[in-house]
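Sequence positions in the sequence shown follow the numbering used here and run 11 to 243.
Reviewing the structure listed below.
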Amino acid sequence: MRSNTLFSLAALGAVVSGYDLPDNLRKIYDNHKPGSCKSALSGKSSTNAVFCGDIPNAIFLKSPNGYDNMDVDCDGADDKAGDCSNDPSGYGATAFKDTVSQYGIKDLNANIHPYVVFNEPPFFDAQKHGMKPLSVMAVVCNNQLWYGIWGDTNQEPTTGEASISLAKLCFPKEGLNGDKGHGPNDVLYIGFTGDGAVPGKNGAKWKASNTKEFEDSIKALGDKLVAGLPKQK
11 MRSNTLFSLA ALGAVVSGYD LPDNLRKIYD NHKPGSCKSA LSGKSSTNAV
61 FCGDIPNAIF LKSPNGYDNM DVDCDGADDK AGDCSNDPSG YGATAFKDTV
111 SQYGIKDLNA NIHPYVVFNE PPFFDAQKHG MKPLSVMAVV CNNQLWYGIW
161 GDTNQEPTTG EASISLAKLC FPKEGLNGDK GHGPNDVLYI GFTGDGAVPG
211 KNGAKWKASN TKEFEDSIKA LGDKLVAGLP KQK
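Printed below as a string of structure tokens:
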């Protein structure tokens, strides 16, 4: 029997480090971190964060003098596999299962697909504000950039959630698992509005066997979206 550690290494596909932060994204991170959101799109979550519209054509999570934490989500296919084996609240399906099942897989796999959880009504309606399901997102964590997809939703006023595979990309030395997340509010989640952020059936390797394969498949689109963010002084 394989240990959880061995499973995780196989799922990550030997990913070692994230992408360097481009200048515009580094300045966005530094400039928006202090203070509060000026254009709040929601009320406050359990981590005191709001969905914020301060960046044109983007939505991000913002708490006072910070961003958000990273709780671990294990929903989807194989929701009890690997480091999700001790998840107390895992659910065997993601919100967009019906759509992703048209892409040749049963559902997203939290151990393979780096996805972010953004909220749905009644707390917040990301689609009403222009985000599309399964669109590419940018995540700044641990002074690195990773790409993920909007892969699941949460009806509660709980924010700052990501799949176990994305959590382990961001914080490989913290021993994160289905019952242990990253506490500090230093993770910047950026969702992009519009159809141009959606890779669709052929724009991502949905059948990837490990996280690196999937991450590599959405990098070009992610780079394009990040490059389109406004320049900062």
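Beta carbons: idealized from backbone N, C-alpha and C, even for Gly.
**Request:** Give the DSSP-derived three-state secondary structure of L239 in the structure shown.
**Result:** coil
**Asked** Among P32, N41 and G53, which residue has its Cα nearest to the Cα of E166?
**Response** G53
**Message:** Would I244 and V126 be called neighbours here (beta carbons separated by less than 9 Å)?
**Reply:** Absent from the structure is residue 244, since the part of the chain shown begins at 11 and ends at 243.
**Item:** Closest by C-alpha distance to L51, when choosing among F128, D226, A214 and G193
**Value:** F128
**Message:** Between which residues of its own chain and D117 is the CB-CB distance below 7 Å, once the five residues before and five after are set aside?
**Reply:** G86, A87, A103, T104, K107, V110 and S111
**Request:** Can you tell me which of A230, D64, I228 and Q154 puts its alpha carbon nearest to the alpha carbon of G45?
**Result:** D64
**Request:** Could you tell me which of I69, K37, Q242 and N153 sits nearest to K48, measuring between CA atoms?
**Result:** I69
**Message:** Tell me the rounded alpha-carbon separation between K234 and Q242.
**Reply:** 17 Å
**Asked** In or out: A237 buried (at least 16 other Cβ within 10 Å) or exposed?
**Response** exposed
**Cβ shell of G213 (< 7 Å), same chain only, five flanking positions each side left out** = L231
**Request:** Label S219 either buried or exposed according to how many other C-beta atoms from any shown protein chain fall within 10 Å of its C-beta, with 16 as the threshold for buried.
**Result:** exposed
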